[in-house]
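S.K.: Sequential numbering of the sequence shown, starting at 220, is according to the working numbering.
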Amino acid sequence: MRISIREPRAGDAEAHRAAVLRSAAHLSPWNPVEPDALPELLRRQGAGLRTYLIVDDDEAGQVGGAGGIVGTCNVANIVLGRFRNAALGYDSYLPYAGTGRMTPGLRLVVDRCFGARPQGLGLHRLEINIQPDNDRSLAMARRLGFRHEGFSPRMLFINDAWRDHERFALTAEEWRGP
Ligand SMILES: CC(C)(COP(=O)(O)OP(=O)(O)OC[C@H]1O[C@@H](n2cnc3c(N)ncnc32)[C@H](O)[C@@H]1OP(=O)(O)O)[C@@H](O)C(=O)NCCC(=O)NCCS
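1) Just tell me which of A358, V298, V289 has its CA closest to the CA of G341.
2) Return helix, strand or coil for M374, following the three-state DSSP convention.
3) Specify whether the segment 325-335 and the segment 253-268 touch according to this definition: at least 3 beta carbon pairs, one from each stretch, less than 8 Å apart.
4) At a Cβ threshold of 8 Å, is G319 touching chain D?
5) Specify whether the segment 305-312 and the segment 331-349 touch according to this definition: at least 3 beta carbon pairs, one from each stretch, less than 8 Å apart.
6) Is it true that the CB of Y315 sits closer than 8 Å to the CB of C292?
7) Measuring CB atoms only, is the segment 222-235 touching the segment 271-281, in the sense that at least three cross pairs come out at less than 8 Å?
8) Locate the beta strand (DSSP E) running through L200, then write down its first and last residues.
9) In three-state DSSP terms, what is T322?
10) Among the residues of its own chain, which have a CB less than 8 Å from the CB of D403, if the five just before and after it don't count?
11) Start and end of the beta strand (DSSP E) containing A406?
12) Quick one: using the 10 Å Cβ neighbour count with 16 as the cut-off for buried, is G267 buried or exposed?
13) Just to confirm before moving on: does the CB-CB distance between H384 and L375 stay below 8 Å?
14) Measuring alpha carbon to alpha carbon, tell me which residue in A285, G280, V294, Q281 is nearest R269.
15) Does at least one heavy atom of ligand 1 sit under 7 Å from the Cβ of W249?
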């Protein structure tokens, strides 16, 4: 498998929309299903938010295929200064979800976050916040080497309610590389 990450561009909007629509049932218990989100995400890219697409390079060029977009990862709430911290949010898409592609993709994102500027984001700490019943995401955070830090009651407004979250974190010193 050849998995890579790259920043999204306007030309990805249609493939991204198709991927989200195909994946609605997979995403909806845990995250909003937003097929038209990419143009707005592109507008918001900047000092506080960086988005990466996780791509299967062998699938990306195939005519009539699923486009190779394995998933999306937002590096959100980026704060520099003495904190150099951000929160990761991610979704994988059918038909790639659960096929072992998202994990190496997220490892590349974490590595980019901890990498020195200007190629990397120069961050020191990353958080992942996960609803307590989201077993696949809890397994993902642990697979990436994140530490369980604590429990945050009523932290994020998802699916019409304030949802409790388990908080995981990783610092640059703990990262062993992709
Ligand atoms: C959480 C989420 C991103 C995980 O992504 P994923 O697509 O399952 O990621 P991967 O396929 O890389 O995960 C590896 C899993 O595939 C399995 N797998 C299947 N084939 C594999 C292969 N060839 N190599 C490695 N692992 C493989 C692994 O056993 C592992 O399963 P496990 O989690 O039961 O241990 C995805 O489930 C998702 O988008 N969920 C809905 C939205 C969501 O919850 N987002 C996060 C909110 S905090």
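All C-beta atoms in this analysis are idealised placements derived from N, C-alpha and C, irrespective of residue type, glycine included.
M.R.: With the given structure in hand:
1) Numbered from its first residue, the sequence shown carries residue 341 at position 122. The residue with the shortest Cα to Cα distance from G341 is V298.
2) Locating residue 374 in the sequence shown gives position 155, where the first residue counts as 1. Of the three classes helix, strand and coil, the one that applies to M374 here is strand, per DSSP.
3) Output reads no: the segment 253-268 does not touch the segment 325-335.
4) Absence of chain D from the displayed structure is noted, only one protein chain being present.
5) Proximity of the segment 305-312 to the segment 331-349 meets the contact definition, three or more beta-carbon pairs being nearer than 8 Å.
6) Along the sequence shown, one-based indexing puts residue 292 at 73. Along the sequence shown, one-based indexing puts residue 315 at 96. Result no, Cβ atoms of C292 and Y315 do not sit closer than 8 Å.
7) Contact between the segment 222-235 and the segment 271-281 is present, because at least three Cβ pairs lie under 8 Å.
8) Look at the range of the chain in this structure, 220 to 397, and you will see that residue 200 is not part of it.
9) Translated into the one-based positions of the sequence shown, residue 322 becomes position 103. T322: helix per DSSP, three-state reduction.
10) One cannot answer for residue 403 here, as it falls past the ends of the chain, which runs 220 to 397.
11) Residue 406 is absent from the model: the chain starts at 220 and stops at 397.
12) Taking the first residue of the sequence shown as position 1, residue 267 is located at position 48. Exposed, because fewer than 16 other Cβ atoms sit within 10 Å of the Cβ of G267.
13) Taking the first residue of the sequence shown as 1, we reach residue 384 at position 165. Taking the first residue of the sequence shown as 1, we reach residue 375 at position 156. Contact check for H384 against L375 passes: the beta carbons are separated by less than 8 Å.
14) Here the question's residue 269 lines up with position 50 in the sequence shown. Ranking the options by Cα distance to R269, first place goes to V294.
15) As a working mapping, residue 249 is identified with position 30 in the sequence shown. Yes.
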